[in-house]
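>
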Amino acid sequence: MKNIVVLTGAGISAESGINTFRDSGGLWEGHDVMEVASPEGWRKNPQLVLDFYNMRRKDALKAEPNDAHKALVKLSTYFHVEIITQNVDDLHERAGSENILHLHGKLFESRSTLNPRHIYPIEGWELNLGDKCPRGSQLRPNIVWFGEAVPMMEPAAALAAKADIFIVIGTSLQVYPAASLIDYVGADTEVIVIDPNLPAVKKHPLLTLIAEKASTGALRIVDELIEKYK
Ligand code: APR
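Note that our numbering has the sequence shown beginning at 134, numbered continuously upward.
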């Protein structure tokens, strides 16, 4: 059975109504990203950071998985599929996918500000100042912020290295180390990139570029792969 690894970014959730980062003029929902998504921003104004992610959680709760998330579920009935997502939303999970690696953390988790290994689920949308880990420290969103290490990068790179087919959907490939995952795929791996505004991808012997929205592009590619390899 073919081993398919899918790298997803904000573009796969765009048609579910969740805004991407870089399509809105450098601001993220009206904020400078460093104010709401960096350790410095957190030190300066934790209330703003918590409010920001509370809003993102509200948005995510209103959103539903779209045809692109669902197409990847269909893909997994024919192939071994691993999803590496840069997204912090839970739309892949809610569509029914398994084997999902969240490179940049999860919106519906909090973690201790003292020990990153102490992680807790967030029920609903709110995380507030005064919400504490049972060991006493203030909780923060379990998100990988700018300037922070990406602990899941190593397992993600190992997955990319083993892919027979590597599909990239809806990412500008501007943020590292995530963008370098494509460098780990083998020369004999098929690489397929789906994005209406295709990102720059280095030359690869088996590269297919599809300038389409995630929903239609993913459905088409999934049906083509099933037809080709079933
Ligand atoms: N279908 C597919 N792709 C789309 C769609 C769509 N309907 N709409 C927009 N896109 C594409 C854009 O063309 C762009 O290439 O989605 C991509 C979104 O790019 P970014 O906003 O840069 O999002 P992403 O690449 O996921 O960002 C990476 O940056 O701020 C951080 O940590 C955050 O995980 C995030 C990381």
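Using N, Cα and C, we set each Cβ at its ideal position, and we do this for glycine too.
Quick one: what does DSSP say residue 307 is sitting in, helix, strand or coil?
Numbered from its first residue, the sequence shown carries residue 307 at position 174. Looking at residue 307 - three-state DSSP - the assignment turns out to be coil, as it is neither helix nor strand.
> Using the Cβ count rule (16 or more neighbours within 10 Å means buried), how would you classify residue 152?
Sequence index remark: in the sequence shown, residue 152 carries index 19 (1-based). Residue 152 comes out exposed.
> Going straight from the alpha carbon of residue 167 to that of residue 311, what length do you get?
In the sequence shown, counting from the first residue as 1, residue 167 sits at position 34. In the sequence shown, counting from the first residue as 1, residue 311 sits at position 178. Looking at the two C-alpha atoms, the distance is approximately 18 Å.
> Pair every Cβ in the stretch 206-218 with every Cβ in the stretch 165-183, then say whether three or more of these pairs are closer than 8 Å.
These segments do not touch.
> Output the distance between the C-alpha atoms of residue 335 and residue 163, rounded to the nearest integer angstrom.
Counted from its first residue, the sequence shown places residue 335 at position 202. Counted from its first residue, the sequence shown places residue 163 at position 30. Rounded to the nearest angstrom, the two C-alpha atoms are 32 Å apart.
> For the ligand APR, any of its heavy atoms closer than 7 Å to the Cβ of residue 164?
Residue 164 sits at position 31 when you count from the first residue of the sequence shown. No, since every heavy atom of the ligand APR falls outside the 7 Å radius drawn around the Cβ of residue 164.
> What first and last residue would you give for the beta strand (DSSP E) that runs through residue 273?
In the sequence shown, the residue the question calls residue 273 occupies position 140. Segment 272-276, the beta strand (DSSP E) holding residue 273.
> Tell me the rounded alpha-carbon separation between residue 435 and residue 232.
The chain is shown only over 134 to 363; residue 435 falls outside these bounds and no answer can be derived.
> Could you pull out every residue in the same chain whose Cβ sits closer than 7 Å to the Cβ of residue 290, ignoring the five residues on either side in sequence?
As a position in the sequence shown, residue 290 is number 157, starting the count at 1. Cβ within range, chain order: 314, 317.
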